[in-house]
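Top line first, the protein sequences correspond to chains G and L. So the first sequence is residues 1 to 456, counted in my numbering. So the second sequence is residues 1001 to 1245, counted in my numbering. Every residue gets a Cβ at the ideal spot worked out from N, C-alpha and C, and that includes glycine.
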Amino acid sequence: MKDHSRLSEVFNEDEQRVNWHDETLWWIRQKRDKAANMLPEWELLRENASQIKHHTLSNLANYLEQFESKALANGITVHWAANAVEHNEIVLSILNRNGIDQIVKSKSMLTEECHLNAFLESNGVGVVDSDLGERIVQLAEEPPSHIVLPCIHKKKEEIGELFHKHLGTAHGEADPQVLTEAARQDLRSVFLTRRAALTGVNFAVAETGEIVICTNEGNADMGVHLADIHIASMGIEKIIPKRKDLGIFLRLLARSATGQPITTYSSHFKTPRLGQEMHMILVDNGRSRQLGREEFRNSLKCIRCGACMNTCPVYRRSGGHSYQYTISGPIGSILAPNLDMQKHADLPFASTLCGSCTNVCPVKIDIHNQLYQWRQVLVAAGKTTATKRWGMKIASTLFAYPALFGAAGKLGRSLMKITPYLFKNRLNPWYHQREMPAPPEQSFREWYKKQRNNKD
Amino acid sequence: MMTVGLFVPCYVDQFYPKAAIATLELLEKFNVKVSFPAKQTCCGQPMANSGFSHLTQASDELFTEGFAEFDYIVCPSGSCVLHLKDHLHSVKHPQKAEEIRSKIYELVEFLVDILQVQDLKARFPHKVGVHQSCHGLRGLKLAQMTELVAPGFSKPVHLLNMVDDLEIISLSRKDECCGFGGTFCVTEEAVSVKMGKDRVADHVLNGAEYITGVDLSCLMHMEGILKRQGSMVQIIHIAEILNAN
Ligand code: SF4
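Here it is in structure tokens:
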């Protein structure tokens, strides 16, 4: 399997495209900065949001039960799923019971995480994603590359091509407005004919048993209001204690995500309409395990705004697909190893630990520290290579003995002069696109010995 | 007289002795007694950041023994200082290690916060771009970070402003990472180099003759790229500018 480094190398073969990807996402980071700077209380909001999440995670069991009892009282059917398989089975059983073989879905990263679409399709149920970005990657048969902007890796010309093939737009048509209109018309008939709508959840309020879904396109509302059955899937960490907490989270979410003051729609769903069935599926899928890992617990505070991706200098230059996990970028790199350490062992190393992610995170997750911690955990669990292990052992031995270190350094520097080809070759990844530093005549310690030794 | 133990990180010792000499001379100008304990090598960060923090024991003990006696420890590298502040542990002398963690300073923060330098006799008649190394910036908080909604400041710029005839150029991205990242620079070569190229381009396009900063690791990476491009723009550690006459 190709790892993050190898996939990034492939992504970097087209430098112009990397520039375009980097600039597009940087532009969103700048919009976020502008929006944040409009609120003098921004840092206070972040701190409050972080504390509320901290409190909620510390009392998660209680809040989940409170939410369940309120939701039941509101007439919602509540299901619990321990993992992705159970989640998918629950969805299928609801559909089967009602004889439904086609559904419309608004954006839900959880269902991506559970690979619901593939599961339903293999069971004869057609799924249409109604979020424009999600629809595009669905037509392209690709996973989303970003949690908020699923098709950010695609240029408008490529989307035009895709729509030409699937939705019959004119060949070469790349005007975003025309393309959006084509998708809208296509989705309209879907909305009108689907009897079941599946949505994600942004916030679940324990106090009232209601859920809040934030979209810019209103597609969640369209789907739900026209369907007989509403299935909402949520990770158990989506709980917030009180309705008033939304005043903090909604202000942070859209500003962090896109720089908007608020998403166009913040829709509250509390009780099913007359004749409608409403189901909530509360999914664990590794979350309680992460909650049990003290150093990584905070990662469950995430409200999926995507700001850490937009600011990440690595993500911008490697693309979302290089992470090979539904949630890419910095936050994905600390969530993925929890689910599968072996498969995602590369991700915590796909970072310079620059810390920009931690600074933009609206719930103040210490992402870069957790990346560092994951590295220790992965190496301790043996998820590293023999070469790396030996290299590190040799280095640590050198560093334990100053005389040895001094001698090795001197030897190394002379070798660089006498036999430069030992360093300046294709096997040295430093040298591939960078010159080696010029080795000086003497090291500082040698200079010091000669110049200042009388002092010590 | 205040005593300072000078810690010169492994790669600075081997490849950039001029920066270490400048650090030493600069500190001596401010009437502190500086010594360079011979028993020092590396802060342990290369191992720890690669996931091998359990292998830093020996270098941690060495460091603790070598530096415990000083009033302060000063080092011309933000990254190494941050690592020691966060992670230095000693089994033999736990108390001493803990003390070191609170009395170790990166050069710029030592000059600004402890020595409270108001005046420098230095001259550097060039256009200079300041690279904000991430560990110095977001770890040691040497300057305000662009992500935060908070008043601006910059300790390196505060000092550079005292240098005669020096012109600081402005950048389009003030504090983006250069992509060095320790072993990242070889394990993720493609992205590391691309980040470096982009960072360098920002300085070059804005007219820098020199790129300076508090961390030679970042500067070494950018130097490698500049040289490969055949650029005339040079890198220089901030100590060399502050010590320039
Ligand atoms: S980790 Fe923070 S910044 Fe990243 S998506 Fe989650 S909430 Fe947003």
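The nearest non-hydrogen atom of the ligand SF4 is 8 Å or more from the C-beta of Cys214(G). Bridge pairing for Met234(G): Leu282(G) [DSSP]. Residue environment for Phe1153(L): exposed (fewer than 16 other C-beta atoms within 10 angstroms of its C-beta). Judged by their CB atoms, Glu210(G) and Ala61(G) are not nearer to each other than the 9 Å cut-off. Per DSSP, Leu149(G) is not a residue of any beta strand (DSSP E), being assigned neither H nor E.
Relative to Ala174(G), the option among Arg184(G), Lys156(G), Ala182(G), Lys165(G) whose CA is nearest is Lys156(G). If one requires a minimum length of 4 residues, the alpha helix (DSSP H) runs lying completely within the region 178–233 of chain G are 219–226, in chain order. Against chain G, the CB of Cys1080(L) has no partner CB under 9 Å away; the residue lies outside that interface. When DSSP states are grouped into helix, strand and coil, Val1193(L) belongs to the helix group. Under a 10 Å Cβ-count criterion, His1203(L) is classified as buried, with 16 or more other Cβ atoms of the shown protein chains found around its own Cβ. For the options Pro150(G), Arg375(G), Thr77(G), Ala35(G), the alpha carbon positioned closest to that of Glu295(G) is the one of Arg375(G).
For Gln1116(L), no alpha helix (DSSP H) run applies, since DSSP gives it neither H nor E. In the three-state reduction of the DSSP assignment, Val127(G) falls in the strand class. What Arg413(G) touches in chain L, judged by beta-carbon distance under 7 Å, is Gln1014, going in chain order. Listed in chain order, the positions of the region 371–382 of chain G with a beta carbon within less than 9 Å of a beta carbon of chain L are Tyr372, Trp374, Arg375, Gln376, Val377, Leu378, Val379, Ala380. Going by beta carbons, Gln1045(L) and Ser1079(L) fall inside the 9 Å limit. At a cut-off of 9 Å between C-beta atoms, Ser333(G) does not count as an interface residue with respect to chain L. Within 8 Å of the C-beta of Val201(G) there is not a single heavy atom belonging to the ligand SF4. For Met392(G), the nearest beta carbon of chain L is closer than 9 Å to its own beta carbon. Glu47(G) has a beta carbon lying at 9 Å or more from every beta carbon in chain L. When the Cα atoms are used, Ala35(G) and Phe249(G) turn out to be separated by approximately 15 Å.
A Cβ-Cβ contact shorter than 9 Å links Asn88(G) with Leu120(G). Checking the 8 Å criterion, the Cβ of Ser333(G) is out of range of every heavy atom belonging to the ligand SF4.
Using a CB distance cut-off of 9 Å, Ser1077(L) does not count as an interface residue toward chain G. Residues of chain G whose Cβ lies closer than 7 Å to the Cβ of Glu1176(L) are, in chain order, Pro313. Residues of chain G with a Cβ closer than 8 Å to the Cβ of Asn1049(L) are, in chain order, Leu353, Tyr372, Arg375. Where Lys1039(L) is concerned, there is no enclosing beta strand (DSSP E), because DSSP gives it neither an H nor an E. Ile1235(L) is not a Cβ neighbour of Leu1107(L), given a cutoff of 9 Å. Residue contact check for Gly1179(L) against chain G: a CB pair falls below 9 Å. Not a single heavy atom of the ligand SF4 lies less than 8 Å from the C-beta of Val127(G). Separation of Arg195(G) and Ile281(G) (C-alpha to C-alpha, rounded to the nearest whole angstrom) is 18 Å. Distances from the CB of Arg304(G) to the heavy atoms of the ligand SF4 include at least one below 8 Å. In this structure, the alpha-carbon of Lys1174(L) lies about 56 Å from that of Leu274(G).
In chain order, Thr1041, Cys1042 place their CB closer than 7 Å to the CB of Cys1010(L), counting only its own chain and leaving out the 5 sequence neighbours on each side. Within the chosen limit of 8 Å, the ligand SF4 reaches the beta carbon of Lys301(G) through at least one heavy atom. Distance from the CA atom of Leu335(G) to the CA atom of Leu404(G), rounded to whole angstroms, is 41 Å.
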